[in-house]
Amino acid sequence: MSNNKIRELYEVFRVQEKVGLFLEDHMERLFSGAEKAGIKLNFESATIENYLKKFLLKENVDCGNIRLSVYFDSDTGEVQSHKASVIPHSYPTQEQYQNGVSCSLLFSERDNPGTKIANTTLRNNANKLIKYHNVFEVLLVNHQKEITEGSRSNVFFILNNQLHTAPDEWVLPGIARKKILKTARDLQIQVHYSALPYDKIKEVEAAFITGTSPRVLPIKNIEGFNLKADHPIIQQLTKGFSKLIIDYINSHLH
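Numbering of the sequence shown is given in our numbering, commencing with residue 12 and proceeding in unit increments.
Here it is as structure tokens:
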């Protein structure tokens with residue numbers, strides 16, 4: 012894949028008890044992202060789902076993360092190849108779930124936020140900052156000085172017991188984010204689709220990030236501003252999301 016015109020559209024999903032979690036949602040996002048980016052996928056959704064299920068059986072994956080890579084020509088949008096691979100994963104510790112994690116800010120934004128195309132520049136800049144500040148994640152700040160999402164996660168803020176998260180079209184539509192929004196609706200928690208101006212961090216009661224690996228992870232501080240990691244709304248959403256996962260696994264066990 013040394014041709015510099017070849018780029019990668021990808022999905023990362025989590026496996027638990029040998030079940031690929033929310034696989035249909037991941038496929039829907041893959042196809043939607045491809046359409047937005049003008050990538051001509053040469054397979055059906057059902058075909059790739061079967062391919063992934065066979066891959067999990069063949070590799071005997073009990074739990075972990077799987078990356079589905081679709082390589083395409085950035086000039087023509089033609090797909091060259093696709094492959095699945097088991098990738099190293101790092102899940103938060105119990106202590107991090109309980110006490111929260113630290114985050115920093117990175118003044119950067121994605122070119123195509125709705126499409127999961129590998130962006131090495133953003134990833135490298137984020138990794139450098141994570142290492143330099145010794146934080147778990149960096150939150151991206153756009154040119155309007157609003158916090159939109161994490162470098163590899165989505166972010167939610169809690170103000171007056173209500174959720175605030177950036178509009179869908181501004182962020183990568185995370186599957187965990189989608190499930191949290193459903194859980195919030197079920198629990199009748201009000202959601203505001205508005206990005207938080209970064210100078211309003213001091214007004215935030217609590218915040219958390221969502222993603223395939225972290226799931227629902229409280230933030231204990233952002234750039235020195237301390238937040239309430241054990242906020243009741245975070246606990247309610249965590250419990251609701253865990254139930255969605257258990258129900259999904261139970262309905263997909265063979």
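Here a beta-carbon is modelled for each residue, glycine too, at the ideal position from N, C-alpha and C. None of the values given here were measured: they were computed from a predicted structure.
Through-space distance from residue j to residue i, alpha-carbon basis
i: His-37; j: Asn-71; result: 21 Å
i: Ala-177; j: Val-215; result: 15 Å
i: Ile-50; j: Asn-123; result: 13 Å
i: Leu-63; j: Lys-250; result: 28 Å
i: Glu-39; j: Gln-107; result: 31 Å
i: Glu-55; j: Asn-138; result: 35 Å
i: His-203; j: Gln-173; result: 8 Å
i: Leu-192; j: Pro-243; result: 16 Å
i: Lys-69; j: Thr-87; result: 33 Å
i: Arg-18; j: Leu-41; result: 14 Å
i: Ile-245; j: Pro-225; result: 13 Å
i: Ser-43; j: Lys-231; result: 34 Å
i: Glu-35; j: Asn-237; result: 37 Å
i: Asn-171; j: Pro-184; result: 25 Å
i: Thr-221; j: Glu-28; result: 21 Å
i: Leu-248; j: Phe-219; result: 10 Å
i: Lys-47; j: Val-182; result: 14 Å
i: Ser-101; j: Val-90; result: 30 Å
i: Val-213; j: Asn-61; result: Reading off the sequence, residue 213 comes out as Lys, not Val. Their backbone Cα atoms lie some 48 Å apart in a straight line.
Short Cβ contact (9 Å threshold) for residue i with residue j
i: Phe-167; j: His-175; result: yes
i: His-144; j: Ser-115; result: yes
i: Phe-252; j: Lys-190; result: yes
i: Leu-67; j: Val-23; result: no
i: Ser-103; j: Lys-156; result: Per the sequence shown, the amino acid found at residue 103 is Pro instead of Ser. No, the pair does not count as a contact, with Cβ atoms beyond the cut-off.
i: Val-303; j: Asp-73; result: Limits of the chain in this structure are 12 at one end and 265 at the other, which puts residue 303 out of reach.
i: Lys-16; j: Ser-113; result: no
i: Thr-194; j: Leu-264; result: no
i: Ile-77; j: Ile-98; result: yes
i: Gln-105; j: Ala-240; result: no
i: Val-30; j: Ile-260; result: yes
i: Ile-158; j: Ala-217; result: no
i: Leu-151; j: Phe-83; result: no
Burial state of residue i, where buried means 16 or more other Cβ atoms lie within 10 Å
i: Arg-134; result: exposed
i: Leu-198; result: exposed
i: Ser-162; result: buried
i: Ser-164; result: buried
i: Ser-13; result: Its pLDDT being 48, under 50, Ser-13 is placed unreliably by the model, and the measurement read from it follows with that caveat. Flag for Ser-13 reads exposed.
i: Phe-118; result: exposed
i: Gly-111; result: buried
i: Phe-147; result: buried
i: Arg-121; result: buried
i: Pro-229; result: buried
i: Ile-257; result: exposed
i: Thr-132; result: exposed
For residue i: DSSP bridge partner residues
i: Asp-84; result: Ile-17
i: Val-90; result: Phe-83
i: Ala-95; result: Leu-79
Starting from the N-terminal side, write out each stretch of the alpha helix (DSSP H) that is 4 residues or longer and does not extend beyond the region 175-207. Every alpha helix (DSSP H) of 4 residues or more that sits fully in the region 175-207 is shown, in chain order, as 186-197.
Open item on the list: Report the start-end ranges of each beta strand (DSSP E) in the region 100-169 that is 3 residues or longer and not cut off at the edges.
Closed with: Taking only runs of at least 3 residues, the beta strand (DSSP E) segments lying wholly in the region 100-169 are 112-118, 148-152 and 157-161.
Where in the region 206-257 do unbroken runs of the beta strand (DSSP E), each at least 3 residues long, occur, reported from the N-terminal end onward?
The DSSP assignment places 217-222 and 226-233 as complete runs of the beta strand (DSSP E) inside the region 206-257, in order along the chain (cut-off: 3 residues).
- Run through the region 23-73 for me and flag every whole alpha helix (DSSP H) of 4 or more residues, listed as ranges in chain order. Counting only runs of 4 or more, we get 34-48 and 56-70.
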